[in-house]
Amino acid sequence: MANKGKFYMTTAIAYTSGKPHIGNTYEAILADAIARFRRFEGYEVFMQTGTDEHGQKIELKANASGITPKEFVDGVSGQIKDIWNAMDVSYDKFIRTTDEDHEKQVQKIFKKFYDQGDIYKSEYEGMYCTPCESFWTESQLVDGKCPDCGRECQPAKEEAYFFKMSKYADRLIEHINTHPEFIQPVSRKNEMMNNFLLPGLQDLCVSRTSYTWGIPVDFDPKHVIYVWMDALTNYITGIGYDVDGNHTDVYKKNWPADLHLIGKDIIRFHTIYWPIFLMALDLPLPKQVFGHPWLLQGGDKMSKSKGNVIYADDMASLFGVDATRFFVLHEMPFENDGVITWELVVERYNTELANVLGNLVNRTISMANKYHGGVIASTGVTDEVDADLKAVVTSAKDKITKKMEELRVADAISEVFAIFRRSNKYIDETAPWALAKDEANADRLKEVLYNLTEAITIGASLLAPFLPSTAKKIAEQLNTSLRDYDDLDQFGLFANGTKVTESPVPLFGRLDTKEIMEKVTVIQEAQKAAYEAEEAALNGGTKVEEKKDEAVIDIEAKEEITYDAFAKMQFQVGEIIACEEVPKSKKLLCSKVKIGSEVKQIVSGIKQHYSAAEMVGKKVMVLVNLKPATLAGVMSEGMLLCAEDAEGNLALMTPEKPMPAGAEIC
RNA sequence: GGCGAGAUAGCUCAGUUGGCUAGAGCACACGGUUCAUACCCGUGGUGUCGAGGGUUCGAAUCCCCCUCUCGCUACCA
């Protein structure tokens, strides 16, 4: 096998706040298929994945569970690793951001940036506008007030370190323009350029003082290093980068990475901040960043409260590991989000895996046994119809390779199945059962079965990077071994006289949608019950045994205020007597709110959560004495108060008992 | 509001630089076959190629405008 050189690829590291759903697992499977295919082609692949384990959310969850953050992440990281292993993800390195060598290098990198002036400490000594979450220099203030909202600003006390992004922006723009393959798909490149690079990069906050579960800044220990410098650097620390130049051989061989595989939600960090960090380290940039789309359920995002989160282990328990891999690889388009429903999984399983592939292998082996005692032998009695079969089979390798080079994995796996579809057609064209009726056709019959067996062997070999254990099973049933990549454009290498198994076992038994859906209902009910129990426990103030996502929300602590400051705010109950959408705005509703004998017009960004019609009649909590402002050209004279969860869902605050419009909230 | 992408068969989508009767998979109907996991093979759509205008011998493919959807982003008092 020709050595085509090294290929270093990574997945994003998974955040250890909870069990990964199928979307996270998808990325690992996608990476695995690419890694296996590259190895198959003859590349020396190094694939790295792992877990991102720091941050406030984890600190709080661990506290709530009564264990240390390290104990907490040890558990979740182990669980994630188990799932990756169960899904046959062939990583070469599983990095954890709590690994000692990673933490040490991150500290050194931070120090290096600080020493060379890329990182500076800022104390927010300008005027800080809390509602705008931004700070201003004296010169930016308008009449001593926030230029955005016009309200009072205060000197803020919290200090943080910042990275000077703008220093490297021009170089990055140049790089992106001269390397069109750097950001994939290309539509993402335009988004990065237009939204961030061309308007001018903001400096990035790279430290926090509001929590302690992170890598400390060694020369200023009250700061911990904030997520991106900690997480992104895993791609070099994991293979042995050393700030002082004592790199491992693995690092020297593999950097720069050939491919960072990530979700489309973190493209910005991988195509802007990460390259800039690398420039600051004077290291070459990765060759390609691919922001893959997501698998969504029925067009909606999954949520635990609906009980519709699909986990890889649930899928694997119902369908098996390879069927799970097949589904996620086959159903994911290149640029748009894919859809996953249980019904769709069953349909794909039956039509592709059971009917096209499983049945083909089964019927071929059955015929070999029935007609020739299972012995496969070429007799050289060919026919015109053989040519097309052979052409389809031997040309598959190049087609699939091209698709994989473009990272179009779903298309590649479809090309593999084209071999199996063609083979089924070949059986019909040659009608072996008819040949078997006349002894004069015996040699032709042998040749037909040989051709089929050879086609299946080549197909299985190309299938191996996607469905490794299925490919292996096929080879076992045919009593052969999978073919090398370099031999796949040759037809006729199957060893003459090989005897296939006498008792073929169906690779994928057909499934009944109804039966599966009954099992799914059980899974969903259990998930929902677990979620509700957790919610109830939290509401009751009971300590929860095992923490799950979104059970609690923590927000960044704001500055302490005096009672006087609070007393300045006037809250009253308001009744919404009319409401309409604000034209040309995506999120705004304009309400007429009756407060006592007065009616105020208030604009709120809640259109995605409430329709104008359902707003009318509600009694809501209103901040009355807020300075009026114009939003989307409409005057707003107050603020409706809402609760917001981690996903940004809003719920209006309403009095728990009936109260008249105008009642003071105090 | 800014930038970008898209609107093609019931569903999910392909359609290269404009050019023969607009394609694939699934679903559906009918026919064939029986080696096989009620499988496999074949045949079948009058699809206004989102609406309207234009360029051209000729447009799903280029230009203009409109409607709708989606992505990123800003705003969301």
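Numbered by my numbering, the letters in the first sequence go through residues 1 to 666 in order. We treat Cβ as the ideally placed atom computed from N, Cα and C, and that holds for glycine.
Assuming threonine 364 and threonine 480 are in contact, meaning their beta carbons sit under 8 Å apart, how far apart are those beta carbons, in whole angstroms? The Cβ separation is near 13 Å, so there is no contact.
On the premise that glycine 638 lies in contact with lysine 607, defined as a C-beta separation below 8 Å, what is that separation, rounded to the nearest angstrom? The beta-carbon distance between lysine 607 and glycine 638, rounded to whole angstroms, is 18 Å. This is too long to meet the 8 Å contact definition.
Could you tell me the boundaries of the beta strand (DSSP E) in which methionine 47 lies? That run of the beta strand (DSSP E) goes 44 to 52.
Tell me the DSSP secondary structure of arginine 408 in three-state form. Correct three-state label for arginine 408: coil.
Buried/exposed call for leucine 445, threshold 16 Cβ in 10 Å: Leucine 445 is buried by the Cβ-count criterion.
Nearest-angstrom Cβ-Cβ length linking isoleucine 239 and glutamine 48, presumed shorter than 8 Å: Indeed, because the Cβ distance is near 7 Å, the residues count as touching under 8 Å.
Simplified DSSP state of threonine 10, which is helix, strand or coil: Of the three classes helix, strand and coil, the one that applies to threonine 10 here is strand, per DSSP.
Within 10 angstroms of its Cβ, does methionine 635 collect 16 or more other Cβ (buried), or is it exposed? Only exposed fits methionine 635, as fewer than 16 other CB atoms lie within 10 angstroms of its CB.
Would you kindly work out how many angstroms separate the C-alpha atoms of glutamate 415 and lysine 402, rounded to a whole number? Using only the alpha carbons, I get a separation of about 11 Å.
Rounded to whole angstroms, what is the Cα-Cα separation between arginine 38 and valine 89? A direct Cα-to-Cα measurement between arginine 38 and valine 89 gives close to 14 Å.
Is it right to say histidine 179 is buried, meaning 16 or more other beta carbons lie within 10 angstroms of its own, or is it exposed? Looking at its Cβ environment, which holds fewer than 16 other Cβ atoms inside 10 Å, histidine 179 is exposed.
Given a threshold of 16 other Cβ atoms within 10 Å of its Cβ, counted over all protein chains shown, does threonine 542 qualify as buried or as exposed? Any reading at threonine 542 needs caution, since the residue's pLDDT is 40, under 50, leaving its predicted position unreliable; the model's value is listed next. Threonine 542 counts as exposed, since fewer than 16 other C-beta atoms from the protein chains shown sit within 10 angstroms of its C-beta.
Span of the beta strand (DSSP E) holding methionine 635? Residues 634 to 636.
Residues of its chain near lysine 112, where Cβ-Cβ distance is below 6 Å and the 5 sequence neighbours each way are ignored: Closer than 6 Å at the Cβ level, and outside the excluded window around lysine 112, lie Val243.
Identify whether serine 461 lies in helix, strand or coil by the three-state DSSP scheme. In the structure shown, serine 461 falls within a helical segment according to DSSP collapsed to helix, strand and coil.
Tell me the rounded alpha-carbon separation between threonine 470 and tyrosine 114. A straight line joining the alpha-carbon of threonine 470 with that of tyrosine 114 spans about 52 Å.
Select from Leu435, Asp386, Ser210 and Leu462 the residue whose C-alpha is nearest the C-alpha of phenylalanine 417. Relative to the Cα of phenylalanine 417, the nearest Cα in the group Leu435, Asp386, Ser210 and Leu462 belongs to Leu462.
What distance in whole Å lies between the Cβ atoms of glutamine 202 and methionine 165, which are believed to be in contact at a cut-off of 8 Å? Indeed, because the Cβ distance is near 7 Å, the residues count as touching under 8 Å.
Can lysine 618 and isoleucine 665 be called in contact, C-beta distance under 8 Å? Against a cut-off of 8 Å, the Cβ pair of isoleucine 665 and lysine 618 comes out as no contact.
By Cβ distance below 6 Å, which residues in the same chain neighbour glycine 540 in space, the five residues on each side in sequence not counted? Low confidence applies to glycine 540: its pLDDT is 48, below 50, so where it sits in the model is not reliable, and the reading given next is rough at best. Around glycine 540, the same chain offers no residue with a beta carbon nearer than 6 Å, after the five sequence neighbours per side are excluded.
Top-ranked residue by Cα proximity to valine 328, from Pro658, His21 and Cys642: Its Cα nearest to that of valine 328, the residue His21 stands out among Pro658, His21 and Cys642.
Using only the alpha-carbon positions, how far apart do methionine 279 and leucine 285 sit? If I take the Cα positions, the gap works out to 8 Å.
On the CB-based measure, 16 or more other CB atoms within 10 Å of its CB, does glutamate 546 come out buried or exposed? Any answer about glutamate 546 is weak, because its pLDDT of 34 lies below 50 and its placement is not dependable; what the coordinates show is given next. With fewer than 16 other Cβ atoms inside 10 Å of its own Cβ, glutamate 546 counts as exposed.
Measure the CB-CB distance between arginine 422 and valine 392 and report whether it falls below 8 Å. Going by C-beta atoms, arginine 422 is nearer than 8 Å to valine 392.
Strictly by DSSP, which residues pair up with lysine 594? Paired residue(s): Glu575 and Val599.
Distance between proline 69 and lysine 657 (C-alpha atoms, nearest Å): Their backbone Cα atoms lie some 41 Å apart in a straight line.
Starting from the Cα of lysine 627, find the closest Cα among Leu650, Ile602 and Cys642 and give me that residue. A check of alpha carbon separations from lysine 627 across Leu650, Ile602 and Cys642 identifies Ile602 as the nearest.
With hydrogens ignored, establish whether the beta-carbon of aspartate 118 is closer than 7 Å to any heavy atom of the ligand GTP. Although the ligand GTP was asked about, the structure shown includes no ligands whatsoever.
Would DSSP call glycine 18 helix, strand or coil? Coil.
Would you mind sorting isoleucine 235 into buried or exposed? The rule is 16 or more other CB atoms within 10 Å of its CB. One detail in the question is off: residue 235 reads as tyrosine in this sequence, not isoleucine. So tyrosine 235 counts as buried.
Okay, do the region 194 to 201 and the region 267 to 279 touch, 3+ Cβ pairs below 8 Å being the bar? The region 194 to 201, when compared against the region 267 to 279, does touch it at the 8 Å Cβ threshold.
Taking 8 Å as the threshold (C-beta atoms), are alanine 663 and valine 573 in contact? Closer than 8 Å, so yes.
Relative to the C-alpha of phenylalanine 94, which candidate in Ala14, Ile119 and Pro256 has its C-alpha closest? Comparing Cα-Cα distances from phenylalanine 94 to each of Ala14, Ile119 and Pro256, the minimum goes to Ala14.
Alpha-carbon spacing of lysine 670 relative to aspartate 82, whole angstroms: No answer is possible for residue 670: it lies beyond the span of the chain, which begins at 1 and ends at 666.
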